[in-house]
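Here is the structure we will look at.
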Amino acid sequence: MKVFLPTVFYLCMAAGLSVPSEKIQREEILPLNTTCENSATSRSCCGEQSIDTDHYDVIPDTGVTMEPILDFDGTEPGPTIMADCGDYVIVHVTNELPDNGVQVIDGLSGPMNINRSATVDYDEHLVALFLSDWSHETAFELWDCSEKFGAFLLIANGLINGTNTYDCTASIDAAYLGTGKRFEMTFISGKKYRIRLVGAQADSFLRFAIDNHNFTVMANDFVSIIPYFTDSIVVGGGQRYDIIVEANQDVSNYWIRSIVKGCNVIFNANANNIRGVVRYEGVADTTSHPQTAISANVPDSCRYVPLAFLPPHRSKTLIEDGKSVFSEAYNLKEATAVNEWVYVVIQDLSALNANHLMDVHGRDYYVLAQGAGLLLLGITKLNLVNPPRRDMATLPGNGFMVMAFYTDNLGESEIESIIVTSGVLDKSCTAWNSYTPNERYVHDDSEI
Numbered sequence: 074m075k076v077f078l079p080t081v082f083y084l085c086m087a088a089g090l091s092v093p094s095e096k097i098q099r100e101e102i103l104p105l106n107t108t109c110e111n112s113a114t115s116r117s118c119c120g121e122q123s124i125d126t127d128h129y130d131v132i133p134d135t136g137v138t139m140e141p142i143l144d145f146d147g148t149e150p151g152p153t154i155m156a157d158c159g160d161y162v163i164v165h166v167t168n169e170l171p172d173n174g175v176q177v178i179d180g181l182s183g184p185m186n187i188n189r190s191a192t193v194d195y196d197e198h199l200v201a202l203f204l205s206d207w208s209h210e211t212a213f214e215l216w217d218c219s220e221k222f223g224a225f226l227l228i229a230n231g232l233i234n235g236t237n238t239y240d241c242t243a244s245i246d247a248a249y250l251g252t253g254k255r256f257e258m259t260f261i262s263g264k265k266y267r268i269r270l271v272g273a274q275a276d277s278f279l280r281f282a283i284d285n286h287n288f289t290v291m292a293n294d295f296v297s298i299i300p301y302f303t304d305s306i307v308v309g310g311g312q313r314y315d316i317i318v319e320a321n322q323d324v325s326n327y328w329i330r331s332i333v334k335g336c337n338v339i340f341n342a343n344a345n346n347i348r349g350v351v352r353y354e355g356v357a358d359t360t361s362h363p364q365t366a367i368s369a370n371v372p373d374s375c376r377y378v379p380l381a382f383l384p385p386h387r388s389k390t391l392i393e394d395g396k397s398v399f400s401e402a403y404n405l406k407e408a409t410a411v412n413e414w415v416y417v418v419i420q421d422l423s424a425l426n427a428n429h430l431m432d433v434h435g436r437d438y439y440v441l442a443q444g445a446g447l448l449l450l451g452i453t454k455l456n457l458v459n460p461p462r463r464d465m466a467t468l469p470g471n472g473f474m475v476m477a478f479y480t481d482n483l484g485e486s487e488i489e490s491i492i493v494t495s496g497v498l499d500k501s502c503t504a505w506n507s508y509t510p511n512e513r514y515v516h517d518d519s520e521i
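If you read the sequence shown in this note's numbering, its first letter stands for residue 74, the second for the next number, and so on.
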């Protein structure tokens with residue numbers, strides 16, 4: 074794998090980890106149920122397999138092929154793809170937009186609900202909650218404005234599952250109708266609900282909480298983790314967390330909150346008013362807004378979830394005894410070995426103090442270290458025993474992250490935030506340079 078190194082980041086082969094000292098309240102891990110009939114009291118099961126199955130070595134197969142017809146037109150988020158663990162899902166996309174618009178912010182978004190084993194029992198899968206910021210301009214208009222004036226963006230609003238309210242009284246634009254509404258969901262007292270949180274924002278980090286309710290975090294990015302108990306969680310764009318919320322409060326109405334936190338140099342005019350509503354079944358008032366207040370224990374920070382909170386349920390060791398992790402040549406340019414571990418250090422030298430979300434195309438990876446400041450070779454500690462497995466992890470602003478992945482998916486892989494592979498970049502630039510001389514208008518984006 075070849076890696077392009079821009080000036081704002083530095084990649085190398087190295088070591089590191091210092092975990093923030095925060096208290097972790099762990100939930101009890103479910104024991105293996107040998108009958109493996111998945112139910113509200115045996116969520117550790119999944120057909121003939123279980124939560125203890127190593128899916129790196131064992132691939133479930135139900136023999137079922139799912140090829141549903143889904144209509145995304147006018148929906149935000151889009152319809153849910155439903156499948157069981159081991160199903161084969163075929164997806165066809167028909168794009169009838171006259172111009173290119175299928176990208177992360179102005180494009181398609183919808184949840185995938187894969188019924189599979191879990192580390193915590195629950196009664197019902199309630200909903201996937203898409204947490205997003207929301208601009209009244211398209212992403213292309215925002216990009217044009219930022220490119221021309223160099224200003225950091227002010228985003229107008231945020232949404233929970235595609236809806237929220239907005240004060241339009243000061244606007245003369247006929248498109249500002251002021252008819253928005255809060256997202257609502259219903260709890261039945263005594264039940265435990267599985268909710269999938271999806272970070273669907275363009276930028277910023279969103280802290281999710283439900284007033285008066287704690288919850289159990291049981292998975293991140295489709296990976297079952299050793300569950301932990303908390304009152305809120307910060308979700309970055311592209312990240313997913315599965316949580317279990319118990320309806321154990323008085324029958325009433327409660328605010329759902331998605332709070333914009335200042336992790337990046339971007340601002341939101343409605344940062345503390347992105348809300349939804351939980352209404353308990355049987356509540357007398359089903360129309361008024363909740364009167365609850367956010368817990369004083371919910372941190373007023375954008376802190377990403379510490380690595381110590383996210384060890385996978387299925388343990389992995391990323392180095393064997395007697396083998397060396399790092400070569401003397403720390404600036405690795407190319408990794409061609411197959412079926413071996415590759416270790417990459419990403420150091421943010423941009424001086425912007427803005428968190429970056431990093432993903433590697435075509436694979437997930439393990440996060441061995443994450444922290445502020447410079448990584449110190451030979452001093453910063455790596456976690457090589459059961460580290461968190463992610464497909465979207467946070468590189469701290471002015472900090473570092475160490476990732477590891479196994480080279481069993483052949484070909485070039487982009488490590489993406491600002492970093493891409495030189496092979497992909499070279500092909501794209503060559504194609505673009507040969508295309509643009511024939512264009513009548515100058516494009517503001519090379520679409521690389």
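Backbone N, C-alpha and C fix where the C-beta goes; we use that ideal spot for every residue, glycine too. It should be emphasised that the depicted structure is a prediction, and the values quoted were computed from it without experimental measurement.
**Request:** Please list, in chain order, all residues of the same chain as lysine 96 whose beta carbon is under 8 Å from its beta carbon, the five residues on each side excluded.
**Result:** Mapped onto the sequence shown, residue 96 falls at position 23. Caution applies to lysine 96, whose pLDDT of 38 falls short of 50 and renders its modelled position unreliable; the value that the coordinates give is listed next. Closer than 8 Å at the Cβ level, and outside the excluded window around lysine 96, lies no residue.
**Prompt:** Any chance the region 453 to 463 sits against the region 288 to 307, with 3 or more Cβ pairs inside 8 Å?
**Reply:** yes
**Asked** Between the Cα of threonine 167 and the Cα atoms of Arg189, Ile142 and Tyr327, which residue gives the shortest distance?
**Response** Taking the first residue of the sequence shown as 1, we reach residue 167 at position 94. Selected option, being the one with the closest Cα: Ile142.
**Request:** Enumerate, from N- to C-terminal direction, the unbroken alpha helix (DSSP H) stretches of 4 or more residues contained entirely within the region 168 to 234.
**Result:** 212 to 222
**Asked** What is the rounded straight-line gap between the Cα of lysine 454 and the Cα of methionine 431?
**Response** The residue labelled residue 454 in the question sits at position 381 within the sequence shown. The residue labelled residue 431 in the question sits at position 358 within the sequence shown. Going by the C-alpha atoms only, they are around 21 Å apart.
**Request:** Would you mind giving the Cβ-Cβ distance between proline 150 and phenylalanine 203, rounded to the nearest angstrom? I have them listed as a contact below 8 Å.
**Result:** Locating residue 150 in the sequence shown gives position 77, counting from the first residue. Locating residue 203 in the sequence shown gives position 130, counting from the first residue. Yes, proline 150 and phenylalanine 203 are in contact; Cβ-Cβ is about 4 Å, under 8 Å.
**Request:** Tell me, to the nearest whole angstrom, how far the beta carbon of lysine 334 is from that of arginine 280; I am working on the premise that it is less than 8 Å.
**Result:** Here the question's residue 334 lines up with position 261 in the sequence shown. Here the question's residue 280 lines up with position 207 in the sequence shown. Rounded, the Cβ-Cβ distance is 5 Å, consistent with contact.
**Request:** Taking proline 385 as the reference, give the member of Glu110, Gln122 and Asp127 with the closest Cα.
**Result:** What you label residue 385 is simply residue 312 of the sequence shown in a count that begins at 1. Minimum Cα distance to proline 385 is reached at Asp127.
**Request:** Could you have a look at leucine 383 and say whether DSSP puts it in helix, strand or coil?
**Result:** The residue you call residue 383 lines up with position 310 of the sequence shown. In this structure, leucine 383 counts as coil in the three-state DSSP scheme.
**Item:** CB of proline 184 within 9 Å of CB of arginine 269, strictly
**Value:** Counted from its first residue, the sequence shown places residue 184 at position 111. Counted from its first residue, the sequence shown places residue 269 at position 196. Yes; because the gap between Cβ atoms is below 9 Å, this pair is in contact.
**Asked** In three-state DSSP terms, what is alanine 504?
**Response** The residue you call residue 504 lines up with position 431 of the sequence shown. Helix at alanine 504.
**Item:** Residues bridged to phenylalanine 340 (per DSSP)
**Value:** The count along the sequence shown starts at 1 and reaches residue 340 at position 267. According to DSSP, which records beta bridges pairwise, phenylalanine 340 is partnered with Leu227.
**Item:** Residue range of the beta strand (DSSP E) that includes methionine 476
**Value:** Numbered from 1 along the sequence shown, position 403 holds the residue referred to as residue 476. Run containing methionine 476: 472 to 479, per the beta strand (DSSP E) assignment.
**Nearest neighbour of glycine 235, chosen from Ser368, Ser182 and Arg387 [CA to CA]** = Locating residue 235 in the sequence shown gives position 162, where the first residue counts as 1. Among Ser368, Ser182 and Arg387, the Cα nearest to that of glycine 235 is on Ser182.
**Request:** Give me whichever residues DSSP pairs with asparagine 426 in a beta bridge.
**Result:** Numbered from its first residue, the sequence shown carries residue 426 at position 353. None, per the DSSP bridge assignment.
**Request:** Report all residues from its chain with a CB closer than 8 Å to the CB of asparagine 506; omit the five preceding and five following residues, and keep chain order.
**Result:** Numbered from 1 along the sequence shown, position 433 holds the residue referred to as residue 506. The answer is none, since no qualifying residue turns up.
**Neighbourhood of glutamate 197 by C-beta, 6 Å cutoff - its chain only, sequence neighbours within 5 removed** = Taking the first residue of the sequence shown as position 1, residue 197 is located at position 124. Around glutamate 197: Tyr266.
**Item:** Residue nearest to valine 162 in terms of C-alpha spacing, selected from Pro171, Glu140 and Asp146
**Value:** Taking the sequence shown and counting its residues from 1, the one referred to as residue 162 is at position 89. Taking only the C-alpha atoms, the option nearest valine 162 is Glu140.
**Request:** Inspect the CB distances between the region 465 to 474 and the region 421 to 440 and report whether three or more fall short of 8 Å.
**Result:** yes
**Prompt:** Exposed or buried, what is valine 458 when buried is set at 16 or more other beta-carbons lying within 10 Å of its beta-carbon?
**Reply:** Position 385 of the sequence shown, counting from 1, holds the residue named residue 458. Label assigned to valine 458: exposed.
**Prompt:** Run through DSSP, which three-state label would methionine 155 get?
**Reply:** Working through the sequence shown from its first residue, we reach residue 155 at position 82. If DSSP states are grouped into helix, strand and coil, methionine 155 belongs with the strands.
**Message:** Report the CB separation of tyrosine 314 from alanine 292 in whole angstroms; it is logged as a contact under 8 Å.
**Reply:** Taking the sequence shown and counting its residues from 1, one reaches residue 314 at position 241. Taking the sequence shown and counting its residues from 1, one reaches residue 292 at position 219. Correct: roughly 7 Å between the Cβ atoms.
**Asked** Measuring CA to CA, which of Ser262, Val137, Tyr239 and Gly253 is closest to alanine 320?
**Response** Counted from its first residue, the sequence shown places residue 320 at position 247. Looking at the Cα atoms, Ser262 is the closest of the given residues.
**Message:** Could you tell me the alpha carbon to alpha carbon distance between aspartate 437 and aspartate 481, rounded to whole angstroms?
**Reply:** Mapped onto the sequence shown, residue 437 falls at position 364. Mapped onto the sequence shown, residue 481 falls at position 408. So the alpha carbons of these two residues sit roughly 11 Å apart.
**Proximal residues to isoleucine 339 (C-beta, below 7 Å), its chain only, five neighbours per side dropped** = As a working note, residue 339 is residue 266 in the sequence shown. Once the five neighbours on either side are set aside, the close Cβ partners of isoleucine 339 are Phe225, Leu226, Ile228, Asp276 and Ser277.
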